[in-house]
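**Q**
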Amino acid sequence: MKMRTKTKTKQRELPSPLLFLIPILGAACGTRAAAPPRTSALEAVRDSGEVVIGIGQDAAPFGYREGDDLVGFDFDIARAVVARLEAHLGRELKIRFKAVTDETRIGWVQSGEVHMSLCHTNCTRKRDARIDFTVPYGWDGKGVLYALGRGERDLAAFAGATIGIKRSSSSQGEIEAWFEGQGLEQPTLKVYDNHAAGIRALVDGQIDGFTDDNSIIINTAMRAGHGVGPSAALNVTKTSYSRAQFGIGLPENDSDWRDVLNYSLHDLWNDREFQAIYERWFGADSMCPIPLGQNRMEPFVIG
Amino acid sequence: MSAFEVVRRLLVGYPVPDEFVDPAYPELLQRLGGLELTLVVAATSLLLGLPLGALLAVGRQGPALVRWPAVLFVEVVRGLPVMLLVLLFVHLSYPLLGVRVPVALLGTAAFTLHAASYASEIFRSGFRAVGGGVVDAARVLGLSRRQTLVHVELSIAVRTMLPAFLGLLITVFKDTSVLIVVGAAELTCTARQITVSQPVNMLPVLFLLLLMYGGSAALASLLVARLERRWPGADPRNDTKGLP
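Keeping their order, the protein sequence lines are chains A and B. Under my numbering, residue 309 is the last one in the first sequence; the count climbs by one each step, no gaps. Under my numbering, residue 1163 is the last one in the second sequence; the count climbs by one each step, no gaps.
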């Protein structure tokens, strides 16, 4: 015979901790309402005399450490754009850089923590739904870096292979779309925290290839002491599965700010200062030359 | 990059250019990097978090008006992964407060709350460890209320709490590595900067990280063990001291 004992325990139960999250999540979702009044970033910069710029530090040649110094294409463009902004606003501006990461480069633009963000950010539609971009100020292709040991290969040869990609890169969707479009077996994608770690894995033979913007993977590989090219240990596929266009990230729907930054970039282009900066980082003497060729800005007519 | 240079960078980080320093906040904190920043964030979080934790523990014994906010705070903060806490601080500080705060400060604030929530529970368990009979016995032996608190209750409570506090200290110290995701130049972030920017082998850098985190934690353990031995009544061997 089964004995059933029913014990009545009078217990004061605490509400689930998850319930306590409700006010926090409410606050988080309601930040738009609680946020400081949204004036144009242009007004904020003009009033404060300070422009806060989110900038990446972990990807050569855009932003990286050269010895003790922080240098790169994004740093030079940011400083040049601010110099033009000073001319547009008729006042001196102080630059304040804030280091951004994959987790903050978009979010900080949305929240207003930074007035603009330069972090080799590819202007994709998905990102454009969250923030706005200036006209592109950088262009690149996306191929796959691979070890030349088994001979030269092109993209199709990586069907079913294991390819490393960097976390938070837009490359994942783009490479999957390319293989699907070609009717080829999808590669297995393995995510790495940073480019250097992915290239290390490639050199160690853990993956068959590594991909992201060509300029970044080539620069990172070469700075790590690996030769890249048809007669070196590593090479990049001739075919790209996607193009990259880098834009300055701006708060959504801030037309005045976007206009003045676009005009600043146009002025740099018209005065050929942009081309001089571009040549320094992507010219024939750079680690990854990308001739301007058809990549160009189309400045509005002044008038 | 020489081995000496790698170690130096891991210890003190890279120089921070003036354009990254916000004059509205202490410059020193913004110029720190590497192990130095890790230690400062961890130490500050614990120095601020422990008193806050003590207040919370006391609050949990108080009237409902104080008890429930304290319970709410501890249950919420303790239930959140510290990474999420850091991300909340980093993404909500400007929209909610309208001021731009350096990430090292935001990280310290997040870790302070994290430490406080755990410390409050350690304090609670420490004081619960003091049995009512012990207090009664002390009073019967003629000790005043103050003497009972200092020489009996605190002595037993601290002895109980010390190992747990050591655990919290080490947890906070090593968990500061999550600040890498928001770009604070602490030890792990500096190691990544080195491996990303310099043609150095990643494994020796990781090994140095291991030594620095492990060595610092071991040092903390030794210091706490020493403190435990010196604490009145902390070492069971000391309990027999003075007895015939």
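We treat Cβ as the ideally placed atom computed from N, Cα and C, and that holds for glycine.
#1: Can you tell me whether A:Phe68 is helix, strand or coil according to DSSP?
#2: Run through the stretch 111–161 of chain A for me and flag every whole beta strand (DSSP E) of 3 or more residues, listed as ranges in chain order.
#3: Using only alpha-carbon positions, find the residue among A:Gly62, A:Asn268, A:Gly255 that is nearest to A:Arg131.
#4: Taking Cβ-Cβ distances shorter than 8 Å, what residues in chain B pair up with A:Val106?
#5: Can you tell me whether B:Tyr1013 is helix, strand or coil according to DSSP?
#6: Just to confirm, is the Cβ distance from A:Val58 to A:Val141 under 8 Å?
#7: Using a Cβ cut-off of 8 Å (strictly closer), state whether A:Ile181 contacts chain B.
#8: Just checking my contact of A:Asp262 with A:Leu48 at CB under 8 Å: how many whole Å lie between their CB atoms?
#9: In three-state terms, what does DSSP make of A:Glu304?
#10: Would you say A:Ile112 faces chain B, with C-beta separation under 8 Å as the test?
#11: Closer than 8 Å, CB to CB, is B:Tyr933 near chain A or not?
#12: In angstroms, rounded to a whole number, what distance separates the CA positions of A:Arg286 and B:Leu1006?
#13: Within 10 angstroms of the Cβ of A:Ile112, are there 16 or more other Cβ atoms? Answer buried if so, exposed if not.
#14: Name, in chain order, the residues that DSSP records as bridge partners for A:Tyr198.
#15: When the Cα atoms are used, what is the spatial distance from A:Ala290 to A:Gln281?
#16: Pull up the distance between the alpha-carbon of A:Leu240 and that of B:Val990, whole angstroms please.
#17: So, under 8 Å CB-CB, A:Gly62 and A:Val106 are touching, yes? Tell me the CB distance rounded to an integer number of Å.
#18: Taking its Cβ as the centre, do 16 or more other Cβ atoms sit within 10 Å of A:Phe139, making it buried, or is it exposed?
#19: Can you pull the chain A residues whose beta carbon is under 8 Å from the beta carbon of B:Asp941, in chain order?
#20: Please identify, using Cβ separations under 9 Å, the residues of the stretch 118–129 of chain A that lie next to chain B, in order along the chain.
#21: Give the residues from the stretch 1112–1130 of chain B that approach chain A closer than 7 Å (Cβ to any Cβ), ordered along the chain.
#22: Quick one, which residues of the stretch 185–219 of chain A are near chain B if we go by CB-CB under 9 Å, in chain order?
#23: By the DSSP assignment, the alpha helix (DSSP H) with B:Thr963 in it spans what residues?
#24: Can you name the residues of chain A whose CB is closer than 7 Å to the CB of B:Tyr1013?
#25: Listing by chain order, which chain A residues have their CB less than 8 Å from the CB of B:Glu955?
#26: Name, going along the chain, the residues of the stretch 998–1009 of chain B whose beta-carbon falls closer than 9 Å to a beta-carbon of chain A.
#27: Are the beta-carbon atoms of B:Met1002 and B:Ile1041 separated by less than 8 Å?
#28: Between B:Arg927 and chain A, is any beta-carbon pair separated by less than 8 Å?
#29: Should A:Gly170 and A:Phe216 be called a contact, given that it needs their Cβ atoms to be closer than 8 Å?
#30: Do we get a CB-CB distance below 8 Å when we pair B:Arg1019 with the residues of chain A?
#31: At which residues does the beta strand (DSSP E) containing B:Lys1093 begin and terminate?
#32: By the three-class DSSP mapping on this structure, what secondary structure does A:Arg102 have?
#33: Under the rule that 16 or more other beta-carbon atoms within 10 Å means buried, what is B:Gly1102, buried or exposed?
#34: Determine the burial state of B:Gln949: buried for a count of at least 16 other Cβ atoms within 10 Å of its Cβ, exposed for fewer.
#35: Entirely within the stretch 221–280 of chain A and at least 4 residues each: give me those alpha helix (DSSP H) ranges in chain order.
#36: Please report the residue range of the alpha helix (DSSP H) in which B:Leu1068 lies.
**A** Well, looking at it:
#1: Taking the first sequence and counting its residues from 1, one reaches residue 68 of chain A at position 62. The answer is coil: DSSP assigns A:Phe68 none of H, G, I, E or B.
#2: 122–124, 144–153
#3: For the purposes of this step, residue 131 of chain A is identified with residue 125 of the first sequence, where counting begins at 1. Among A:Gly62, A:Asn268, A:Gly255, the Cα nearest to that of A:Arg131 is on A:Gly255.
#4: Along the first sequence, one-based indexing puts residue 106 of chain A at 100. Neighbours of A:Val106 on chain B, chain order: Gly1102.
#5: Here residue 1013 of chain B is taken as the residue at index 94 of the second sequence, counted from 1. If DSSP states are grouped into helix, strand and coil, B:Tyr1013 belongs with the helices.
#6: For this step, residue 58 of chain A is matched to residue 52 along the first sequence. For this step, residue 141 of chain A is matched to residue 135 along the first sequence. In this structure, A:Val141 does not lie closer than 8 Å to A:Val58 by Cβ.
#7: In the first sequence, residue 181 of chain A corresponds to position 175, counting from 1. So, not an interface residue.
#8: Along the first sequence, one-based indexing puts residue 262 of chain A at 256. Along the first sequence, one-based indexing puts residue 48 of chain A at 42. That belief holds up - the Cβ atoms of A:Asp262 and A:Leu48 are roughly 5 Å apart, short of 8 Å.
#9: Residue numbering aside, residue 304 of chain A sits at position 298 when the first sequence is read from its first letter. DSSP places A:Glu304 in coil when its eight states are reduced to three.
#10: Taking the first sequence and counting its residues from 1, the one referred to as residue 112 of chain A is at position 106. Chain B, which has no Cβ nearer than 8 Å to the Cβ of A:Ile112, makes this no.
#11: The residue labelled residue 933 of chain B in the question sits at position 14 within the second sequence. It does: the Cβ of B:Tyr933 has a partner Cβ on chain A nearer than 8 Å.
#12: Along the first sequence, one-based indexing puts residue 286 of chain A at 280. Along the second sequence, one-based indexing puts residue 1006 of chain B at 87. Each residue's Cα considered, the two are about 36 Å apart.
#13: As a working note, residue 112 of chain A is residue 106 in the first sequence. The residue in question, A:Ile112, is buried, as its Cβ has 16 or more Cβ neighbours within 10 Å.
#14: Translated into the one-based positions of the first sequence, residue 198 of chain A becomes position 192. In the DSSP output, where bridge partners are listed per residue, A:Tyr198 has A:Lys172.
#15: Working through the first sequence from its first residue, we reach residue 290 of chain A at position 284. Working through the first sequence from its first residue, we reach residue 281 of chain A at position 275. So the two alpha carbons sit approximately 13 Å from each other.
#16: Position 234 of the first sequence, counted from the start, is the residue given in the question as residue 240 of chain A. Position 71 of the second sequence, counted from the start, is the residue given in the question as residue 990 of chain B. One C-alpha to the other measures close to 58 Å.
#17: Translated into positions along the first sequence, residue 62 of chain A becomes position 56. Translated into positions along the first sequence, residue 106 of chain A becomes position 100. Sure, about 6 Å apart at Cβ, within 8 Å.
#18: As a working mapping, residue 139 of chain A is identified with position 133 in the first sequence. Answer is buried; the Cβ neighbour count reaches 16.
#19: Stepping through the second sequence from its first residue, residue 941 of chain B is reached at position 22. Correct list: Arg102.
#20: Gly118, Glu119, Val120
#21: Gln1112, Thr1114, Val1115, Ser1116, Pro1118, Met1121
#22: Asp199, Asn200, His201, Ala202, Ala203, Arg206
#23: Position 44 of the second sequence holds residue 963 of chain B. From DSSP, the alpha helix (DSSP H) with B:Thr963 extends over 953–978.
#24: In the second sequence, counting from the first residue as 1, residue 1013 of chain B sits at position 94. Within 7 Å Cβ-Cβ: Ser117, Gly118, Glu119.
#25: Working through the second sequence from its first residue, we reach residue 955 of chain B at position 36. Simply none; closest approach about 16 Å.
#26: Gly998, Leu999, Leu1006, Leu1007, Val1009
#27: Counting from one through the second sequence, the residue named residue 1002 of chain B turns up at place 83. Counting from one through the second sequence, the residue named residue 1041 of chain B turns up at place 122. No.
#28: Here residue 927 of chain B is taken as the residue at index 8 of the second sequence, counted from 1. Not one chain A Cβ lies under 8 Å of B:Arg927.
#29: Position 164 of the first sequence, counting from 1, holds the residue named residue 170 of chain A. Position 210 of the first sequence, counting from 1, holds the residue named residue 216 of chain A. Closer than 8 Å, so yes.
#30: Walking along the second sequence from the start, residue 1019 of chain B turns up at place 100. It does: the Cβ of B:Arg1019 has a partner Cβ on chain A nearer than 8 Å.
#31: Here residue 1093 of chain B refers to the residue found at position 174 of the second sequence. No beta strand (DSSP E) contains B:Lys1093, which is instead part of the alpha helix (DSSP H) from 1073–1094.
#32: Here residue 102 of chain A refers to the residue found at position 96 when the first sequence is read from its first residue. Reduced to three states, the DSSP call for A:Arg102 is strand.
#33: On the second sequence, residue 1102 of chain B is found 183 positions in, with the first residue counted as 1. Buried: at least 16 other Cβ atoms inside 10 Å.
#34: As a working note, residue 949 of chain B is residue 30 in the second sequence. So B:Gln949 ends up on the buried side.
#35: 261–276
#36: As a position in the second sequence, residue 1068 of chain B is number 149, starting the count at 1. Premise fails: B:Leu1068 is in no alpha helix (DSSP H) and is neither H nor E.
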